[in-house]
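J.:
Number of protein chains: 2
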Amino acid sequence: MKNSSDVTELQSQVEKLQQETRKLLLEKRRLNALLIITRSLSGELDLENLLFKIMGQVQKALHAERCTVFLLDELKNELWSKVAIGIEDEIRFPADKGIAGYVLKSGEVVNIHDAYKDSRFNPEIDKKTGYRTRTILTLPLLNKQNEVFGVFQVLNKKEGIFTPADEKLLSAIAMIASSAIQNAQSYDEQKKSFFSFIETLSTTLDTRDYITAGHARRVTLYAQEIGRLMKLDPARMDVLRYAALLHDIGKIGVPEMILFKDRKLTNEEYEIVKRHAKITKNILKKINFNKRLKDVPEIAGSHHERLDGTGYPEQLKGEQILLEGKILALADTFDAITSRRQFLDRMDLEKVIQIIDSETGTSFEPYVVYNFKYITLDRLIQILEHGHASEINPEDLKKLIDYTLRELVEIRGKSGKSDDELEIENIFMRYYLRQYRTDR
Amino acid sequence: MKNSSDVTELQSQVEKLQQETRKLLLEKRRLNALLIITRSLSGELDLENLLFKIMGQVQKALHAERCTVFLLDELKNELWSKVAIGIEDEIRFPADKGIAGYVLKSGEVVNIHDAYKDSRFNPEIDKKTGYRTRTILTLPLLNKQNEVFGVFQVLNKKEGIFTPADEKLLSAIAMIASSAIQNAQSYDEQKKSFFSFIETLSTTLDTRDYITAGHARRVTLYAQEIGRLMKLDPARMDVLRYAALLHDIGKIGVPEMILFKDRKLTNEEYEIVKRHAKITKNILKKINFNKRLKDVPEIAGSHHERLDGTGYPEQLKGEQILLEGKILALADTFDAITSRRQFLDRMDLEKVIQIIDSETGTSFEPYVVYNFKYITLDRLIQILEHGHASEINPEDLKKLIDYTLRELVEIRGKSGKSDDELEIENIFMRYYLRQYRTDR
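Chains G and F are the protein sequences, given in the same order. 1035 is the number of the first residue of the first sequence in the working numbering; add one for each residue after it. 1035 is the number of the first residue of the second sequence in the working numbering; add one for each residue after it.
#1: Give a yes or no on whether the minimum CB-CB distance between R1474 (chain F) and chain G is below 8 Å.
#2: Is DSSP giving R1474 (chain F) helix, strand or coil here?
#3: Which first and last residues belong to the beta strand (DSSP E) in which R1126 (chain G) is found?
#4: For I1355 (chain G), which of helix, strand or coil comes out of DSSP?
#5: From what residue to what residue does the alpha helix (DSSP H) around N1405 (chain F) run?
#6: State the DSSP-derived secondary structure class of M1035 (chain G), mapped to helix, strand or coil.
#7: With distances taken Cα to Cα, identify the nearest neighbour of T1246 (chain G) among G:E1290, G:N1405, G:S1227, G:R1275.
#8: Quick one, which of G:A1214, G:I1292, G:G1261 has its alpha-carbon nearest L1364 (chain G)'s?
#9: Applying the criterion that 16 or more other CB atoms from any shown protein chain within 10 Å of the CB defines a buried residue, is E1444 (chain G) buried or exposed?
#10: Closest by CA to K1016 (chain G), which one among F:K1225, F:N1405, F:S1140, F:S1074?
#11: Please report the distance separating the alpha-carbon of G1421 (chain G) from that of T1241 (chain G).
#12: Could you check the C-alpha separation between D1267 (chain G) and E1233 (chain G) for me, to the nearest Å?
#13: Among F:E1457, F:N1324, F:I1387, F:D1130, whose alpha-carbon lies nearest the alpha-carbon of S1230 (chain G)?
#14: Given G1132 (chain F), which residues of its chain have a CB within under 6 Å of its CB, disregarding the five upstream and five downstream residues?
#15: With 8 Å set as the bound, which would you pick, yes or no: does the beta-carbon of N1066 (chain F) sit closer than that to a beta-carbon of chain G?
#16: To the nearest whole angstrom, what separates the beta carbons of A1311 (chain F) and Y1346 (chain F), a pair I think is in contact under 8 Å?
#17: Express the C-alpha separation of L1105 (chain G) and L1138 (chain G) in angstroms, rounding to a whole number.
#18: Three or more beta-carbon pairs under 8 Å between the region 1394 to 1413 of chain F and the region 1424 to 1444 of chain F, yes or no?
#19: With a threshold of 8 Å between beta-carbons, can N1322 (chain G) be considered close to chain F, or not?
#20: Compare the Cα-Cα distances from L1079 (chain G) to each of F:S1373, F:L1113, F:N1217, F:D1430 and report the closest residue.
#21: For the region 1419 to 1442 of chain F, which residues have a CB atom closer than 8 Å to at least one CB atom of chain G, in sequence order?
#22: Identify each residue in the region 1328 to 1342 of chain G for which the Cβ-Cβ distance to at least one residue of chain F is less than 8 Å, and report them in chain order.
#23: Let me know if K1360 (chain F) comes out buried or exposed under the rule of 16 or more other beta-carbons within 10 Å of its beta-carbon.
#24: Going along chain G, which residues have a C-beta under 8 Å from R975 (chain F)?
#25: Grab me the residues of S1038 (chain F)'s own chain with a C-beta within less than 6 Å of its C-beta, minus the 5 sequence neighbours each way, in chain order.
#26: Taking any Cβ of chain G, which residues in the region 1038 to 1060 of chain F have a Cβ under 8 Å from it, in chain order?
#27: Please go through the same chain and pick out, in chain order, the residues whose beta-carbon is closer than 7 Å to the beta-carbon of F1127 (chain G), but skip the five residues on each side of it.
#28: Of the residues that make up the region 1284 to 1309 of chain G, which ones have a beta carbon closer than 8 Å to any beta carbon in chain F?
#29: Comparing C-alpha positions only, which one of G:S1220, G:I1195, G:Q1354 sits nearest to V1144 (chain G)?
#30: Distance, Cα to Cα, I1313 (chain F) vs G1284 (chain F)?
#31: Look up L1096 (chain G) in the DSSP assignment and say whether it is helix, strand or coil.
#32: State the beta-bridge partners of F1186 (chain G) as determined by DSSP.
#33: Run through DSSP, which three-state label would K1360 (chain F) get?
#34: Between G1077 (chain F) and chain G, is any beta-carbon pair separated by less than 8 Å?
#35: Under DSSP, the beta strand (DSSP E) around E1303 (chain F) begins and ends at which residues?
#36: Check whether the Cβ atoms of L1235 (chain F) and E1358 (chain F) sit closer than 8 Å, and answer yes or no.
Right, dumping it as structure tokens:
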């Protein structure tokens, strides 16, 4: 009897222990999964990358077909999300629409077993994407002040419906993801503030003189176009953009009396104007740019250097000039000679090309000029006419899209032009030679 | 027989299960501790707060007396750490010194059972702080590129020595902490770039004219001093600092011919100069300031508003002017009337105070003026003489520290002055009335 009761007791003990072990094992797996997700999110400050990472991890952890993170755009009162379907990279809708809108407002967790039977469900996105939603688990994302700033939405559990365990796991992930998203948003905001300040400043400085109005912006656009054609990586494109916007900031240090003089400058005055390049570099060197942007002062300060060492301020030669500086030099000159001056039309296109060509190898790096000529005419017109976008016919741009500057020059010099070629030439030259009142 | 073998088997099964449960329970606790640490770190982008949080959490999790996070300062090749002992808030030493230096270089985990028996141990910090180090666990912090950028150092396990389990736990925490630290560093860098750009810009604009050189910086220092005396919270102090540095940025939009004219301005010219306040606001409004800084344009643009509604550009009255705008108005005027003008000494101190007093209640908010007069004379001289710090005798500053502007005015008007009072007056006025060549 004693033995048999021992056995029963032991058996029940084994059973209890087995149960506990199973529970602990599940709990351990859950915690491990959470830690893995945390690690993968924790290093990411780029909002777009972070959102894609979160969506991928949640989808996997919950055995679902899809996960979307919707964030609230307070200004527009819309919910938006990054998507990677088709050509669109973002979806947006009013912040009170659909299940997501309901969760945003109520702060509740919503677990739906049949979407099309729920009146709150908004079938429009399904219609748009051709997707068929069945089950939905939606959860609010809370900030430090416990306000809802977005929602997690997980669609179509691969087997069955979303369980309470899924809800618990998603809640834990949401806590981690919320912090990561908010860090990325803060970083993003800070970056945008900095950049918008630089943009505003360069535009303001430009508009001091209507002759150079828009110069910094156009130089930036030309430089970025050349950078794209040369396939620079994103970090160098960033450096190029900052340096282009700021290349003339040193003009703050040149007296306006000289800078805006409408007669020819004396030699002494010209020497004073030339100081702006050095001043640009000095001003920018005082800024604690981060590692990624550390070459901005050097590059911005070198936009008047020439390949053959006859430029200024440092008479740098060939390899001594950074590639981005060479791109700026071309962009700066091209804009200077294609801008409309007081009461004057633009310079003849042939004359422009002749100047660029004759200085290729002496002022300009041949490879940079070579790439620049592959700029398509639609982009070129958009930059030349920057600030007049509304006056450009979109149909014209569509026609120009297949032709490059190189081809335009060829067409211009040709005697027997095809009808297509004639049309392209006419469209381009119509914009190029347009008359404006520049004395606004 | 069968029963007894059953019992033995079951007993061994129970034992095995108990062992497994214990192991799982420990593992679960470890993972849970990690997750709690993760959560507490994940929302923190402020580097200083983050480091203190990490040190606190690690100390607790490892049952140690102390934890220090040392970070590598690449520029100076030093290791540094935030500390909260005594008056110092930072310790620094050469990056190759001590156990921390060894771990930084080798990337190894070092677990020491008796610090003073280890030749790599640097006892200098113990000497300085009066602490007695016994056991040390030190671990490298790795960035995304797997380079060591800092070290974790945990001191004096409360019972016994640091175990392999401690090493494992610390490694896991280090992974999480590394990401958090790097995020905070990136954010910090970005913030510093932005701020240094604003500082550089405002200084550059100032130095266009030697008469106003240093104005923005001094106005910022006065404004911050008033803010401190009024006990503004850190967020408002930040807004005040940005607005002060940028308050005159709109002068970019005023022609230098008028701005720097050395004769009296005509009425028309004066109207053009007055536009700068509105332009400041317009420029700053284009910047995507983050939420915390959203009032900067409004405040910077209101530095010429007067309490009674007779200021510009918007003739705001009383409560319509934000407090920070009122502080700026006083700081701006005070600097304008106490600055040295071309070949001229400063205005008489009595005259300065008379102007301020007579405009209190009409131009200036009484409570702001009231607080400003509690500025101590050492601070006041340092701001008045900003840019000439090396010419100020530190002994003089020490004497001025106990007297405020309010008291100085009283002493100046008094007939029977004590020796102390006479000395204070003499010291202050010696600096106030110093002669400089202003035509550098």
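Backbone N, C-alpha and C define an ideal beta-carbon position, used for all residues, glycine too. Please read all numbers here as calculations on a predicted model, not as lab measurements.
T.: In this structure, then:
#1: Its pLDDT being 40, under 50, R1474 (chain F) is placed unreliably by the model, and nothing is read from it.
#2: Confidence is the limiting factor: at R1474 (chain F) the pLDDT is only 40, short of 50, which leaves the residue's position unreliable and the question unanswerable from this model.
#3: 1124 to 1128
#4: coil
#5: 1400 to 1406
#6: With a pLDDT of 48 at M1035 (chain G), under the threshold of 50, the modelled position of this residue cannot be trusted; read the value that follows with caution. If DSSP states are grouped into helix, strand and coil, M1035 (chain G) belongs with coil.
#7: If we check each option's Cα against that of T1246 (chain G), G:E1290 comes out closest.
#8: For L1364 (chain G), the closest of G:A1214, G:I1292, G:G1261 by C-alpha to C-alpha distance is G:G1261.
#9: exposed
#10: There is no way to answer for residue 1016 (chain G), as the model of chain G reaches only from 1035 to 1474.
#11: 13 Å
#12: 22 Å
#13: F:N1324
#14: N1156
#15: yes
#16: 6 Å
#17: 9 Å
#18: yes
#19: yes
#20: Of F:S1373, F:L1113, F:N1217, F:D1430, the residue nearest in Cα terms is F:N1217.
#21: none
#22: none
#23: buried
#24: Nothing about residue 975 (chain F) can be read from this structure; chain F reaches only from 1035 to 1474.
#25: none
#26: Only S1038, D1040, V1041, L1044, Q1045, Q1047, V1048, L1051, Q1052, E1054, T1055, L1058, L1059 from the region 1038 to 1060 of chain F bring a Cβ to less than 8 Å from some Cβ of chain G.
#27: E1112, L1113
#28: I1286, G1287, P1289, E1290, M1291
#29: Nearest to V1144 (chain G) by C-alpha distance, out of G:S1220, G:I1195, G:Q1354, is G:I1195.
#30: 5 Å
#31: coil
#32: G:V1103, G:L1173
#33: helix
#34: yes
#35: Looking at the DSSP string, E1303 (chain F) is not in any beta strand (DSSP E); the run it does join, the alpha helix (DSSP H), is 1301 to 1319.
#36: no
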